[in-house]
Every structure is written in structure tokens, then in C-alpha cells.
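The sequence shown begins at 1 in UniProt numbering and counts up one residue at a time. Note that the Cβ used here is the ideal one computed from N, Cα and C, for glycine as well.
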Amino acid sequence: MSKEHFFLYLAYGLTYILMGIFASYKKDQEVSQLPLVKSLKYLGVFGITHGLSEWVTMVVIADLYPDLYVYLFIIKQFLKAISFAFLIGFGTTLLPKDISYRRIMNKLPIILLAVWGSGFILLMARHGLLYHLIRPQYNVILLRYFMGLPAGVITAFALGLQAKLMHKRNLGIIAKKYKHLAYIFLVYGLVDGLIVREMEFFPANVINNQAFLQWFGFPIQIVKIIVGIGINILLIRVIETFGWEQKERLKQLQQRKIADEERRKLGLEIHDSIIQSIYAANLKLQCLINNNNNKDKAAHELMQEIKIDLGDTIRKTREFISTTSIQTVELQDLNNSIVQLAKTFNSNQDIKIHVESQMPQLDLRELSAEKSSQIYYIVQEAVSNVIKHSKGNNAKVLLKTEDAFLHIKIIDDGVGIQFDSIDAKKQFGIISMKKRTEAVGGTFKIKNLKPGTEVELIVPWEDSNDGE
1 MSKEHFFLYL
11 AYGLTYILMG
21 IFASYKKDQE
31 VSQLPLVKSL
41 KYLGVFGITH
51 GLSEWVTMVV
61 IADLYPDLYV
71 YLFIIKQFLK
81 AISFAFLIGF
91 GTTLLPKDIS
101 YRRIMNKLPI
111 ILLAVWGSGF
121 ILLMARHGLL
131 YHLIRPQYNV
141 ILLRYFMGLP
151 AGVITAFALG
161 LQAKLMHKRN
171 LGIIAKKYKH
181 LAYIFLVYGL
191 VDGLIVREME
201 FFPANVINNQ
211 AFLQWFGFPI
221 QIVKIIVGIG
231 INILLIRVIE
241 TFGWEQKERL
251 KQLQQRKIAD
261 EERRKLGLEI
271 HDSIIQSIYA
281 ANLKLQCLIN
291 NNNNKDKAAH
301 ELMQEIKIDL
311 GDTIRKTREF
321 ISTTSIQTVE
331 LQDLNNSIVQ
341 LAKTFNSNQD
351 IKIHVESQMP
361 QLDLRELSAE
371 KSSQIYYIVQ
381 EAVSNVIKHS
391 KGNNAKVLLK
401 TEDAFLHIKI
411 IDDGVGIQFD
421 SIDAKKQFGI
431 ISMKKRTEAV
441 GGTFKIKNLK
451 PGTEVELIVP
461 WEDSNDGE
């Protein structure tokens, strides 16, 4: 084979090895919550093993170790199979957690690698070490069509789903880069999994290396190098978003600080002006009541009613000021409010309330002020019921973000709930929680766990109107 092909395989292998090293380099996994970061280790192994397999091909082409040709061929095939398995693993770990078939998909890389490896070894054991050199059909069909092609397609599909998820979180910049990465992995799957050596069966007799060379005038390895470079470039751009992520968090904190300061100023303004004015009017009314001395009984009763109304207005206004901090629309603010609520409960009674949050730190999805406050009050009511009626020792508030909704559970280890013997007060609390849930378009369920009770709340996100 020509020197040109030698250098093509050299460049081809180097491109993917560099990608593997770059992907394997630590990207502050403990900081970033993006799923891609946690999956980069699989992409790293794919790149390194894939590149090494091409370098083994390069060594064979150079005829450096002719006596080891068969063993080098076997090593190359195993490296290629391992690389495809890890690329499939990269794709499956990117699938959203709430997809029903993800558990099966997670086992797919091991299953395919085991099936291919078992058949590869058994055929050599039965027909000799030269079998796969003489009859390459097994590797073409199983290794390329059933591992290489699906690896690219699965990865592209998973990245596409992640792009949709990022878009739902209002992370349009990341979503766009994920889409581009999905497209190029799809191209990789088609190029490396579908375009093989010419053989006597379909589709290898139509779509193959020789046909590609005739159609375009250059070898398929050039396209593979371009695809590898493209993956590297797009991967670098995606990694850049992790730095953007930290800036976005800082921006969120600054915005939250400004919003908190505005709410504080609003509270002070209401307290210093409106409440004081109402309070002054209340004092003047009290003077009128005192001076009236029941001379006009009807007027006296009316003034008493007005005084009560003014007192209620002051009380409600103060409640508004005290709850302004929980009338939030940001997901993290709602989480912080519930954590603070648990701390308040824990400081005043014996049952310990734990809050467990399973949500990304970077999530720009929003809940309306109405939904946020209703969720807060439902959690407050549910935890209050636990304290009053459960007779348990511990309770947990679980907050979890799904693609389409916010999922909340309040679970205790108490005596459970008897639906056939609920008293009026309990029933009123449950009805109140149900009505609040219906008001925000959610679903509400109560389960008797024996022991304990589980209150489940599902609230859909606000519709995102942001583009990419």
C-alpha cells in the first residue's frame, strides 16, 4: 500500500487519539451538572482505542512486523470493537434518565461486545487464526454494521435529546452546539459503520471503499479525518459552555441578589408608608370611638367594624411582606425556600424534616410566581400534617426535575393514613392541597406506605418561548 495511505492512517489515528485525550482530561465534573461532562470518560476511551486501532493498521501497512501480521490484525479488531462499545456507552449515558428503555440501553455496549468477542474467538478456535483474514464477513457484519453504525446513530440520537432538554431549560446556546455535535456523530456512524470493503453481499457490494473512491476521487479515510477534526472542534466548543455555565451561575446569583434587595426595599416601603398610614388611621379611629362614648350606638358599632378591618389589613400586609421572599419564579429559589421552611420546622419540634434535591444547579426553567407560592404552601401544609398526625420520627421532602414537570414527594415514617377515618381538619387540609394543585395545573396523590405516608405533587413547567 502507498505511503499516502500510511500517512492517512497516521493522521486518522492521531485525530481520534487527541480527541480521546482531550475528552478524558478532567473538566471539573464536581462543578458542572451537564450530563455530557459525566459521559466524557466514555468518549475519551473511544477516541484513544479507535485511534490506536488505526495506528495498528498503519504498522501493518508499513510492514514493520510481518511475522506478527495475524496478531496485529486481531489486536486491531479488538481495539475497534472496544472503541465502538465505548461510543455506544457514551450515547446511552446521555439518554435522559426518565426514558423507560434506558436501563436496557445501558447494557447494550457490554452485550454487543460480548457477542462479537465470543463469536470472534470461537470462529478462530474452530477454523484457525487466519479465519477472519480469509473470511472478513463476520467483522464487517457484526463489527461495522451492528456496532459501528449503531454507535454513531445512538450517540447522535442521545445528543439530540439532550439538545431538546437544554432548550427546555432555556439554554439555547448549549442546545445548538449539542445539535451540531449530534449531526457530526451521525455522519461518523454512517461513514465508519456503513462504508466498508467491497464484498459480495448487500449493502457492501454497493456502498464500499472502492465505490466511494470511484465516485469522489479520494479515499474514505480523508472523510474520516475531516469528521474526526470536526468532532474535536465541536467538542471544544461544547466544553467552552462549561465556562459559560459558571458565568451564568454568577449572573444568576447577582440577579437574585438584586431581586432580593428590591423585595427588601419594597417591604420597607410598604412598612414605612402604607402600614404606618393605616396604623395612623386606626389610631384616629380609636380616638373617635373613645370620644363617642356610645352616644350613637350604630356609629360606634360601625367604627368598631372599621377598626377590625383596618387591623386585618395591617395583618395581611405584614404577611405579604413576610412572604414576599417566597413569591419566587426561579427553581433554585423555590428549593431554598423549602430548605428554609424545613429548618424552621426542625427548630420548633422533634420530627426531623430532611430536604433532598435532585435538580441541576444550572437550570433556567421557571415557575410562575403563582405556581411557586402554591407549591410552597402545599409543601408547608403537607409537612404540618406530618408533624401533627404522623407520630413518626423523620420526614423527607424530595424535589426532582423531569423534562416536562417538577416532581415533589413528602414522605414520613409514621403510622400512615387511614382514608376511612379522616377527621374534618385533616380532610380540609387534603382538600386545600388538592385545590392548590389543580390551580396550577398539576396532579396530587396521597399513598399509604405502611408504615408512613407519601404525598406526591407533579407540576408542569412554564412554556418556553425562547429561541435558540
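Got a sec? Which residues, its chain only, sit under 8 angstroms from Tyr376 by beta carbon, not counting five neighbours each side? Ile326, Leu334, Ser337, Ile338, Leu341
The stretch 180 to 194 touching the stretch 217 to 230, judged by at least three CB pairs closer than 8 angstroms: yes
Is it right to say Leu213 is buried, meaning 16 or more other beta carbons lie within 10 angstroms of its own, or is it exposed? exposed
Verify whether the separation of the beta carbon atoms of Leu94 and Pro35 is less than 9 angstroms. yes
Is it buried or exposed for Tyr12, if we count other Cβ within 10 angstroms and need 16 for buried? buried
Using 8 angstroms as the cut-off, can you tell me whether the stretch 135 to 152 makes contact with the stretch 73 to 91, which would need three or more C-beta pairs spanning the two stretches below that distance? yes
At what residues does the alpha helix (DSSP H) containing Glu54 begin and finish? 35 to 62
Beta-ladder partner(s) of Lys400, from DSSP: Gln358, His407
Exposed unless 16 or more other CB atoms sit within 10 angstroms - verdict on Glu240: exposed
For the candidate residues His354, Leu8, Thr49, Phe405, whose alpha-carbon lies nearest to that of Gly20? Thr49
Compare the C-alpha of Phe428 against each of Asp403, Thr453, Ala382 and name the closest. Ala382
With distances taken Cα to Cα, identify the nearest neighbour of Leu406 among Ile236, Asn291, Leu367, Pro136. Leu367
Any 3 or more C-beta pairs closer than 8 angstroms across the stretch 43 to 58 and the stretch 69 to 84: yes
Backbone CA spacing between Val37 and Ala23 [nearest angstrom]: 9 angstroms
Span separating the alpha-carbon of Ile233 from that of Tyr101: 31 angstroms
Between the CA atoms of Arg135 and Glu200 - distance to the nearest angstrom: 12 angstroms
If you follow the beta strand (DSSP E) that Glu454 is in, where does it begin and where does it stop? 453 to 460
Nearest-angstrom Cα separation, counted from Thr453 out to Val415: 8 angstroms
Can Tyr178 and Met166 be called in contact, C-beta distance under 9 angstroms? yes
Flag His132 as yes when its Cβ comes closer than 8 angstroms to any non-hydrogen atom of the ligand SAH, and as no otherwise. No copy of the ligand SAH occurs in the structure displayed, which carries no ligand at all.
Measure the beta-carbon distance from Ile278 to Leu310 and round it to whole angstroms, keeping in mind my assumption that it falls under 8 angstroms. 6 angstroms
According to DSSP, is Phe444 part of a helix, a strand, or is it coil? strand
Which first and last residues belong to the alpha helix (DSSP H) in which Met105 is found? 102 to 127
Who are the near neighbours of Tyr42 in its chain, counting only those whose CB is closer than 8 angstroms to its CB and skipping five residues on each side? Phe86, Leu87, Gly89, Phe90, Thr93
Pair within 9 angstroms by beta-carbon distance, Val206 and Val140: no
Asn394 bridges to which residues according to DSSP? Lys352
Starting from the Cα of Leu108, find the closest Cα among Phe345, Asn290, Ile154 and give me that residue. Ile154
Asp413 by DSSP, collapsed to three states: which one? coil
Would you kindly work out how many angstroms separate the C-alpha atoms of Ala211 and Glu198, rounded to a whole number? 8 angstroms
Note down the Cα distance separating Lys450 from Leu194, rounded to an integer number of angstroms. 56 angstroms
Per-residue DSSP class, three states only, for Val206: coil
Closest to Val238 by C-alpha separation, out of Ile174, Asp192, Ile222, would be which residue? Ile174
I'd like the span of the alpha helix (DSSP H) that includes Glu370, first residue to last. 369 to 385
Sort out for me which residues DSSP pairs Val187 with in a bridge. Per DSSP, none; premise fails for Val187.
Can you confirm whether Ala211, when its beta carbon is compared against all beta carbons of chain B, has any partner nearer than 9 angstroms? Protein chain content of the structure displayed is limited to a single chain, and chain B is not contained in it.
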